[in-house]
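FYI, in my numbering the residues of the sequence shown are 1 to 346. The next block holds one structure in the form of structure tokens; read it before the comments.
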Amino acid sequence: METSSDNGETKRQIVDAIIKTEKLCEFSTLLHPTNEQEQKELFLSGAKNEPTFTYKKNIAPDIYIPFCSRESEIGNMYMDRREHVLMELELFKNIGSDKEFTELSLKLFPIHEINIVPGKKEKEEEELLSAEGVVFRFKDAIKNLSESDWSLKIRDDLSSRIFVNQWDKKIVIKEGLKLTKTELNELLRHEVGAHILRSIQGGKQSEPILWVGTRRGRLFEEGIACFLEDPNGPERIFLRHFAVMHAQTHSFKETWLELCNKGMSGEDAWAMTLRIKRGLSSGASHGGFTRDAMYAQAFEEAKEYIEKGGDISPLLSAPIHPDEIDILKEKAEMRIFRTPSWLKIK
């Protein structure tokens with residue numbers, strides 16, 4: 001393994017600081033406006049043309065993250081991950097400063113056009129499961145991974161349906177969420193089969209960077225998760241990508257209207273637009289939070305890799321990018337774990 005005792009200690013310190021930082025910085029909660037319900041009612045009723053948002057008092061921590069040498073490919077992975085986390089902290093410190101927030105988001109989550117043309121999937125009528133039913137199924141799925149210390153909670157102050165905090169081993173589901181059995185099975189493959197499994201397997205590796213994932217691996221994460229959910233691509237990720245691209249030169253209302261024109265209900269279009277405009281103070285501002293573009297962009301990359309014969313097992317063995325597999329196997333002695341049978345691609 002490419003390490004010395006001193007360098008190994010520095011790497012562990014870097015990873016410990018990354019974990020400490022990311023434990024405190026949850027996109028789904030810190031970027032969620034405290035006045036969302038009020039602004040939603042005013043906006044959807046037509047009483048307000050553009051929403052304005054307020055946020056919890058900034059609690060982004062000041063945490064020192066050590067340096068390590070960039071003289072090796074593995075060292076570069078540590079430093080790239082370190083810089084990404086420090087930029088995330090800057091993003092949180094600029095919540096409500098619309099121009100600066102957007103500029104930082106574009107550096108963290110760069111956007112580009114995609115080539116995939118999404119197909120339309122017909123939905124069958126199915127019984128809806130409540131958030132409580134979703135929690136029950138998630139607990140069962142996690143037990144199948146021989147993990148028992150994960151907690152599941154239902155909360156209302158989220159901008160997403162669900163989020164996974166791997167550091168606290170916590171899954172939070174949005175209050176009022178309702179899913180069909182098909183949607184739930186797809187979500188389990190996405191959240192448990194990709195996010196949670198990559199975290200668990202990464203924690204079993206000897207190289208500390210694999211405990212937290214590489215920078216490229218983290219940007220790729222939603223791609224493999226979406227591919228496991230639906231090899232053709234979940235329809236929502238293409239709408240999200242369109243909305244992120246559109247929002248760069250349009251306001252909240254203009255983006256919302258475009259989504260409505262594409263067939264979304266006013267409520268659903270609000271939820272998707274909010275995901276992109278969260279972090280901004282004024283709905284009139286252009287730009288926003290660009291992370292939602294990563295889903296379709298990374299999905300396109302994952303689909304191409306797997307359709308060309310790439311093995312999915314290394315990508316579920318730690319939070320890494322396909323281009324990093326060989327170097328991590330050679331220089332970091334990365335172990336490749338067998339893919340669970342329920343995650344096999346049909």
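All C-beta atoms in this analysis are idealised placements derived from N, C-alpha and C, irrespective of residue type, glycine included.
- If we count the other Cβ atoms within 10 Å of its Cβ and call it buried at 16 or more, is tryptophan 150 buried or exposed? Along the sequence shown, one-based indexing puts residue 150 at 150. The residue in question, tryptophan 150, is buried, as its Cβ has 16 or more Cβ neighbours within 10 Å.
- Would you kindly report the start and end of the unbroken alpha helix (DSSP H) that includes phenylalanine 136? For the purposes of this step, residue 136 is taken as the residue at position 136 of the sequence shown. 131-143 is the extent of the alpha helix (DSSP H) around phenylalanine 136.
- Please name the residue in Ile196, Ser45, Phe101 and Lys11 whose C-alpha comes closest to that of glutamate 147. One-based indexing of the sequence shown puts residue 147 at position 147. Selected option, being the one with the closest Cα: Ile196.
- Message: Quick check on the DSSP output: the alpha helix (DSSP H) that includes lysine 107 runs from which residue to which?
- Response: Position 107 of the sequence shown, counted from the first residue, corresponds to residue 107. Residues 98-108.
- Query: If we ignore side chains and look at the alpha-carbon of each, how far apart do glutamate 304 and glutamate 113 end up?
  - Reply: For this step, residue 304 is matched to residue 304 along the sequence shown. For this step, residue 113 is matched to residue 113 along the sequence shown. Near 16 angstroms, if we compare the C-alpha coordinates of glutamate 113 and glutamate 304.
- Task: Can you give me the Cβ contacts of threonine 3 inside the same chain, cut-off strictly under 6 angstroms, excluding the 5 residues immediately before and after it?
- Result: Numbered from 1 along the sequence shown, position 3 holds the residue referred to as residue 3. Caution applies to threonine 3, whose pLDDT of 43 falls short of 50 and renders its modelled position unreliable; the model cannot decide the point.
- Task: Let me know the secondary structure DSSP gives threonine 180 once reduced to three states.
- Result: One-based indexing of the sequence shown puts residue 180 at position 180. Threonine 180: strand per DSSP, three-state reduction.
- What does arginine 155 pair with, by DSSP beta-bridge criteria? On the sequence shown, residue 155 is found 155 positions in, with the first residue counted as 1. Partner(s): Lys174.
- Measure the alpha-carbon distance for isoleucine 162 versus leucine 228 and round it to whole angstroms. What you label residue 162 is simply residue 162 of the sequence shown in a count that begins at 1. What you label residue 228 is simply residue 228 of the sequence shown in a count that begins at 1. When rounded, the distance between both Cα atoms is 17 angstroms.
- Task: Give the straight-line distance between the Cα atoms of alanine 17 and proline 66, rounded to the nearest whole angstrom.
- Result: If you number the sequence shown from 1, residue 17 lands on position 17. If you number the sequence shown from 1, residue 66 lands on position 66. Cα-Cα distance, rounded: 8 angstroms.
- Item | Complete alpha helix (DSSP H) runs within the stretch 248-285 (minimum length 4 residues, chain order) | 252-261 and 266-277
- Message: Assuming leucine 316 and arginine 137 are in contact, meaning their beta carbons sit under 8 angstroms apart, how far apart are those beta carbons, in whole angstroms?
- Response: The sequence position of residue 316 within the sequence shown is 316, counting from 1. The sequence position of residue 137 within the sequence shown is 137, counting from 1. With 8 angstroms as the limit, leucine 316 and arginine 137 do not qualify as a contact, their Cβ atoms being about 20 angstroms apart.
- Whole-angstrom distance between methionine 87 and arginine 338, CA atom to CA atom: Numbered from its first residue, the sequence shown carries residue 338 at position 338. Numbered from its first residue, the sequence shown carries residue 87 at position 87. Looking at the two C-alpha atoms, the distance is approximately 34 angstroms.
- Query: Which of helix, strand or coil does DSSP assign to valine 164?
  - Reply: Reading the sequence shown from its first residue, position 164 is the one you call residue 164. Looking at valine 164 - three-state DSSP - the assignment turns out to be strand.
- If you draw a straight line from the C-alpha of glutamate 183 to the C-alpha of glycine 263, how long is it? Residue numbering aside, residue 183 sits at position 183 when the sequence shown is read from its first letter. Residue numbering aside, residue 263 sits at position 263 when the sequence shown is read from its first letter. When rounded, the distance between both Cα atoms is 19 angstroms.
- Item | Same chain, Cβ closer than 8 angstroms to alanine 348, neighbours up to 5 away in sequence not counted | Because the chain here runs from 1 to 346, residue 348 falls outside it and cannot be looked at.
- Pick from Asp80, Gly46 and Gly75 that is closest to arginine 216, judged by C-alpha positions: Residue numbering aside, residue 216 sits at position 216 when the sequence shown is read from its first letter. Closest by alpha carbon: Asp80.
- Item | Own chain residues within Cβ distance below 6 angstroms of methionine 77, not counting five before or after | As a first step, residue 77 is located in the sequence shown; it is residue number 77 there, counting from the start. Answer for methionine 77: Ile209 and Thr214, listed in chain order.
- Message: Considering Cα atoms alone, identify which of Leu219, Glu258, Arg291 and Leu152 is closest to glutamate 175.
- Response: As a position in the sequence shown, residue 175 is number 175, starting the count at 1. Of the candidates Leu219, Glu258, Arg291 and Leu152, the one whose C-alpha sits nearest the C-alpha of glutamate 175 is Leu152.
- Item | Member of Lys181, Lys143 and Pro118 whose CA lies at the smallest distance from the CA of glutamate 126 | Counted from its first residue, the sequence shown places residue 126 at position 126. Of the candidates Lys181, Lys143 and Pro118, the one whose C-alpha sits nearest the C-alpha of glutamate 126 is Lys181.
- Could you give the residue range of the alpha helix (DSSP H) that holds glycine 223? For the purposes of this step, residue 223 is taken as the residue at position 223 of the sequence shown. Note, glycine 223: alpha helix (DSSP H), 215-229.
- Go ahead and pull the three-state DSSP assignment for leucine 31. Residue numbering aside, residue 31 sits at position 31 when the sequence shown is read from its first letter. The answer is coil: DSSP assigns leucine 31 none of H, G, I, E or B.
- Under the three-state reduction of DSSP, which class applies to threonine 52: helix, strand or coil? Residue mapping note: residue 52 aligns to position 52 of the sequence shown, counting from 1. Strand.
- Query: Excluding five sequence neighbours on each side, which residues of the same chain lie with their C-beta closer than 7 angstroms to the C-beta of valine 117?
  - Reply: In the sequence shown, counting from the first residue as 1, residue 117 sits at position 117. Within the same chain, valine 117 has no close Cβ partners at all.
- Would isoleucine 200 be called buried (16 or more neighbouring beta carbons within 10 Å of its own) or exposed? Walking along the sequence shown from the start, residue 200 turns up at place 200. Isoleucine 200 is buried by the Cβ-count criterion.
- Local Cβ density within 10 Å of tryptophan 211, reported as buried at 16 or more and exposed below that: Taking the sequence shown and counting its residues from 1, one reaches residue 211 at position 211. Buried, because 16 or more other Cβ atoms sit within 10 Å of the Cβ of tryptophan 211.
- Item | Alpha-carbon spacing of proline 51 relative to serine 97, whole angstroms | Stepping through the sequence shown from its first residue, residue 51 is reached at position 51. Stepping through the sequence shown from its first residue, residue 97 is reached at position 97. Those two C-alpha atoms are separated by around 15 angstroms.
- Task: State the Cα-Cα distance for the pair aspartate 347 and glycine 266, rounded to the nearest angstrom.
- Result: Since the first and last residues shown for the chain are 1 and 346, residue 347 lies out of range.
- Distance, arginine 335 Cα to lysine 329 Cα: Taking the sequence shown and counting its residues from 1, one reaches residue 329 at position 329. Taking the sequence shown and counting its residues from 1, one reaches residue 335 at position 335. If I take the Cα positions, the gap works out to 7 angstroms.
- In its own chain, which residues sit with a C-beta less than 6 angstroms from the C-beta of glutamate 90, not counting the 5 before and 5 after it? What you label residue 90 is simply residue 90 of the sequence shown in a count that begins at 1. The answer, listed in chain order, is Leu104.
- In terms of DSSP beta bridges, what is leucine 128 paired with? Taking the first residue of the sequence shown as position 1, residue 128 is located at position 128. In DSSP, leucine 128 forms a bridge with Thr180.
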